[in-house]
Amino acid sequence: TTETLTLLERWQRRLLSWKYEMLIACALGLNVVWMAIELQMAGGRIGYDVQVYAQQISEDVWPAWESAFLVGNLVFTSFFFFDVLLRMCVLKLIFWKAWMNYVDLAVAL
3 TTETLTLLER WQRRLLSWKY EMLIACALGL NVVWMAIELQ MAGGRIGYDV QVYAQQISED
63 VWPAWESAFL VGNLVFTSFF FFDVLLRMCV LKLIFWKAWM NYVDLAVAL
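Counting in the numbering used here, the sequence shown runs from 3 upward without gaps.
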């Protein structure tokens with residue numbers, strides 16, 4: 003029962019639950035969308051430079067987009083880094099038993 007579990011064991015259960023996995027999957031999905039938007043915007047600028055597109059993103063607003071992309075990338079990178087760090091600290095040896103955690107670690111670094 004939950005009453006006899008230690009605080010560490012409760013945290014381990016939370017981090018191994020499907021709800022936590024869904025939270026991480028949603029964050030990963032949002033990150034993919036964020037990167038797609040960034041790629042689309044950068045591609046639009048390059049497309050204008052090579053005369054594929056007739057219009058470009060205004061030079062006045064592009065620095066704001068660059069800042070937004072930088073902040074967004076920093077937020078996602080930090081989120082995934084701290085996710086892996088939290089799981090390593092809480093799950094201890096359990097973390098190393100799942101091969102996908104090695105992928106998570108490689109991506110977070």
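Don't be surprised by glycine CBs; every beta carbon is placed ideally from N, CA and C. Here the structure is a predicted model, which means the values were calculated and not measured.
* Within 8 Å, strictly: CB atoms of F81 and E40 -> no
* Whole-angstrom distance between Q57 and K21, CA atom to CA atom -> 44 Å
* Which runs of the beta strand (DSSP E) fall wholly inside the segment 68-95 and span at least 3 residues, in chain order? -> none
* Asked: Looking only at its own chain, which residues have a Cβ that is under 6 Å from the Cβ of F83, when we skip the five neighbours before and after it?
  -> A110
* Could you check where the alpha helix (DSSP H) with D51 kicks off and where it finishes? -> Residues 20-51.
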